[in-house]
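Here is the structure we will look at.
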Amino acid sequence: MLMGEEIHSHNHLDSVDFNMITEHMGDFNTSALHRKLMSKVEALRIIRKELEQFRTERDQFKLMAETLQLRYSALTRNNGYSGCVGIDGNKSTVASILHETRERNIKLTTEVESLKQKLNELRGDIELLRSSSKEGNCEKAQMDMADDTNSEALQWKKERSSFICHLENLKKKNLQLAFDLKTLIAEKEDIISERDAYKCKAHRLNHALLNALNANKAHPQFLDIDGILLENKYLHERLKNYESELDITKQSLTKYKTMLETKRKKGIIKLGSSANDESILSHKQVKTMLENGVDLPTKTETIQDLKYLCLALLDNLNDKHIALNHQKKTNKILAAKIAELDQRIQCLSGIETTTGTTSSCISEYSPTQLLLQDYSASSVDS
1 MLMGEEIHSH NHLDSVDFNM ITEHMGDFNT SALHRKLMSK VEALRIIRKE
51 LEQFRTERDQ FKLMAETLQL RYSALTRNNG YSGCVGIDGN KSTVASILHE
101 TRERNIKLTT EVESLKQKLN ELRGDIELLR SSSKEGNCEK AQMDMADDTN
151 SEALQWKKER SSFICHLENL KKKNLQLAFD LKTLIAEKED IISERDAYKC
201 KAHRLNHALL NALNANKAHP QFLDIDGILL ENKYLHERLK NYESELDITK
251 QSLTKYKTML ETKRKKGIIK LGSSANDESI LSHKQVKTML ENGVDLPTKT
301 ETIQDLKYLC LALLDNLNDK HIALNHQKKT NKILAAKIAE LDQRIQCLSG
351 IETTTGTTSS CISEYSPTQL LLQDYSASSV DS
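Read in order, the letters of the sequence shown correspond to residues 1 to 382 in UniProt numbering.
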């Protein structure tokens, strides 16, 4: 009875502890759960040792009961025909021994049942503690993983932003270097072209200087620098004249080209029929129109066409006047050149008589041609 009350009280205490554990499970942290689990494991180990001890005692008592039963059976066989008194005494001793063994077996079975119940309860507590510990460990691991992932994500974002800034700076530097490279290439090409020009000029001047230093008595006029300057001035004026004539020719060409693109007419022009300011009039057409001027109808269109004709004739006259002025300038330049050459011929007449040269040779004298005699531009890089 006392054993049953102890078992009942112990079961009641275990159930109370279990209820308290279940109520305050959410308040325990991982370390408290681990300590509780270790204490339960230690208690379970002790209970297992006691259970093994009780099992050994049970086996011993069972073995004793079997031996006693064997002895009793042997005694009954050997003393089957003995007196009633001896048989009753042996029966009383055997009955008392059996009663004691049965009581011990009952106690042992009750203890074994209580221990099994405690073992099952402890196993349930251990499983619950293990599950709660696993959940706590999983939550802690998840929190650690979340912290690690957040820290890694922040670190990666920082590294990515710094890497993007570095790439943008490198891109800007690359664009600046490419622009500088293009500028340097353009400057290099300009410098190369300027170098080639100066190289050709130096080569040409060296050749002219060599010819000037190698002058002999047959060409005393060879060293006349004034003649070279005069020739350059004359060529410069002719070049300006040609450029102005070229501009006038281009203007006339564009005007006639636009007129040809719009409309091209042939034959006699009928005044008053259409706008004749965009048509091309030949000399024959203008002559025919002027001869028949008396017979023309007095209409507004006819007067307008005659106005356009007068304007066209005025433009043509202006072009001819400009061409005549250029021709006059050219004639003046040629006259000045001839006068300067005559003066030079008169100055050099004494030298020409000593050398035996004729006046025709003097008139064909060109200092630049003599300085650049036998000059070849292909030998610049040689």
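Ideal Cβ positions, reconstructed from N, Cα and C, are used throughout, including at glycine. Keep in mind that this is a model prediction, so the values were computed, not measured.
| Item | Value |
| --- | --- |
| If we count Cβ pairs, one from each stretch, closer than 8 Å, do we get three or more for the stretch 318-333 versus the stretch 248-260? | yes |
| Which term fits residue 277, buried or exposed, when burial requires 16 or more other beta carbons within 10 angstroms of its beta carbon? | Residue confidence is low: residue 277 scores 46 on pLDDT, short of 50, so the model does not pin down where it sits. Its coordinate-derived value is still stated next. So residue 277 ends up on the exposed side. |
| Is residue 111 near residue 54, with beta carbons less than 8 Å apart? | yes |
| On the three-pair Cβ rule with 8 Å, is the stretch 199-207 touching the stretch 302-309? | no |
| What first and last residue would you give for the alpha helix (DSSP H) that runs through residue 376? | Segment: none, residue 376 is in no alpha helix (DSSP H) and carries neither H nor E. |
| If you compare alpha carbons, which of 44, 330 and 181 is closest to residue 241? | 330 |
| Please identify the residue among 190, 65, 300 and 288 whose C-alpha is closest to the C-alpha of residue 99. | 65 |
| Run the CB neighbour count on residue 161, radius 10 Å, all protein chains shown included, and call it buried at 16 or more, exposed below. | exposed |
| One question on the structure: do residue 30 and residue 137 come within less than 8 Å of each other, judged by their Cβ atoms? | yes |
| Within 10 angstroms of its Cβ, does residue 132 collect 16 or more other Cβ (buried), or is it exposed? | buried |
| Since residue 36 is in the alpha helix (DSSP H), which residue starts that stretch and which ends it? | 30-78 |
| Verify whether the separation of the beta carbon atoms of residue 333 and residue 243 is less than 8 Å. | no |
| Taking residue 340 as the reference, give the member of 198, 193, 177 and 230 with the closest Cα. | 230 |
| I'd like to know whether the C-beta atoms of residue 62 and residue 129 end up nearer to each other than 8 Å. | no |
| Quick one: Cα of residue 72 to Cα of residue 50, how far? | 32 Å |
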